[in-house]
Ligand SMILES: Nc1ncnc2c1ncn2[C@@H]1O[C@H](COP(=O)(O)OP(=O)(O)OP(=O)(O)O)[C@@H](O)[C@H]1O
Ligand SMILES: [Mg+2]
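Residue numbers (our numbering): -12 to 335.
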């Protein structure tokens, strides 16, 4: 939070503090669930013009922060993940075994993490609404699979989220028992495991990690949600080990957006979040085809382009986004390497 009388530029410190926000700890997760400040109301132009330059900078700070913050759009991936996840939580409530789960899988940067964390947030907010004075409940557990993970590392990730001391003396069974005990006591209903592609079944550790996750899913009476890059092609769903998961999990594939109605809606939704004084609503919608070509239909690239251009517009005082302003925002490496200009260049 910005302290009263904070120096201009304080939003940068806030942004840094926020980037340190870790969803993989209970504290960070709870902050994420709670955070959603209302958008700031910009001062009318005449009042803004009367401010000193320093005061203007302070007033701009809130708007800069607003555009730096990611506003989640209810895309079909988000909606589908939230609805399917909630349905499974309800169906699993009375299951004693063979609980069903969800896998969100697709290429990098297609909104998997956003979708599963929105599901987690929805579940936690509903749980809080249902049990208002029960702060000891931990309805959602969120972990990521570390690269080159061993089974013990995975168990330790569960422990770390819950804030359990995971000392070296404890063996993996001790950790699993402690985690399962806490999850049962605190009524954990949803366990989200992200970055599942970090499990490689080509080595022994990978197979052990997969088995450990399966054991956790047997010990914790919760719905499990997995997400990762191209899981269906990773071997995690084949063989005897994978067949069991494949038969119990619903797959939600994620993609780049094709050019069409949903893309247009996405551009419109992002444009509506802009708080720029001279921006004419509809300018970006009119550029939707150009934006699709430039970003290759990648939602993350689109959001970065628009928010980057909005921040430039405030800092430079132009207060609007135009095509040249969008062109000034560098693309990420993936989009840069596949941009039409580059592809044409490569053909030459
Ligand atoms: N529903 C959404 N609303 C707004 N922006 C979104 C949404 N979904 C994704 N994005 C944007 O796309 C970016 C990438 O999304 P996300 O991190 O969820 O992808 P991912 O599929 O988990 O990627 P990776 O495979 O690299 O983990 C986000 O940082 C955000 O800018
Ligand atoms: Mg992700």
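Using N, Cα and C, we set each Cβ at its ideal position, and we do this for glycine too.
**OP:** Flag residue 100 as yes when its Cβ comes closer than 7 Å to any non-hydrogen atom of ligand 2, and as no otherwise.
**Re:** yes
**OP:** Could you tell me which of 209, 226, 166, 145 sits nearest to residue 75, measuring between CA atoms?
**Re:** 209
**OP:** Locate the alpha helix (DSSP H) running through residue 40, then write down its first and last residues.
**Re:** 40 to 55
Original post:
Going straight from the alpha carbon of residue 290 to that of residue 38, what length do you get?
Top reply: 31 Å
Subject >> Any non-hydrogen atom of ligand 2 within 7 Å of residue 181 CB >> reply: yes
Subject >> Burial state of residue 322 (16 or more Cβ within 10 Å) >> reply: buried
Original post:
How would you call residue 203, buried or exposed, if buried means at least 16 neighbouring beta carbons within 10 angstroms?
Top reply: buried
**OP:** For residue 9, collect the residues of the same chain with a Cβ closer than 6 Å to its Cβ; drop the 5 residues on either side in sequence, then sort them by chain order.
**Re:** 15
Original post:
Can we count residue 283 as close to ligand 1, meaning its CB is less than 7 Å from some heavy atom?
Top reply: no
Original post:
What are the start and end residues of the beta strand (DSSP E) that includes residue 27?
Top reply: It is not in any beta strand (DSSP E) - residue 27 carries neither H nor E in the DSSP assignment.
**OP:** Throw me the rounded Cβ distance for the residue 207 and residue 170 pair, which I believe falls under 8 Å.
**Re:** 5 Å
**OP:** Starting from the C-beta of residue 134, find all residues in its chain whose C-beta is less than 6 Å away, skip the five residues before and the five after it, and write them out in chain order.
**Re:** 185
**OP:** Please go through the stretch 213 to 252 and give each complete alpha helix (DSSP H) segment of 4 or more residues, from N-terminal end onward.
**Re:** 226 to 235
Subject >> Integer-rounded CB distance, given that residue 189 should sit under 8 Å from residue 99 >> reply: That pair is no contact at about 23 Å.
Original post:
So is the beta-carbon of residue 232 under 7 Å away from any non-hydrogen atom of ligand 1?
Top reply: no
Original post:
If you draw a straight line from the alpha carbon of residue 315 to that of residue 296, how long is it in whole angstroms?
Top reply: 8 Å
Original post:
Any contact of the stretch 229 to 239 with the stretch 264 to 272, i.e. 3+ C-beta pairs under 8 Å?
Top reply: no
Subject >> Candidates 257, 225, 305, 177: closest to residue 288 by CA position >> reply: 257
Subject >> Cβ-heavy atom distance, residue 216 to ligand 1, below 7 Å >> reply: yes
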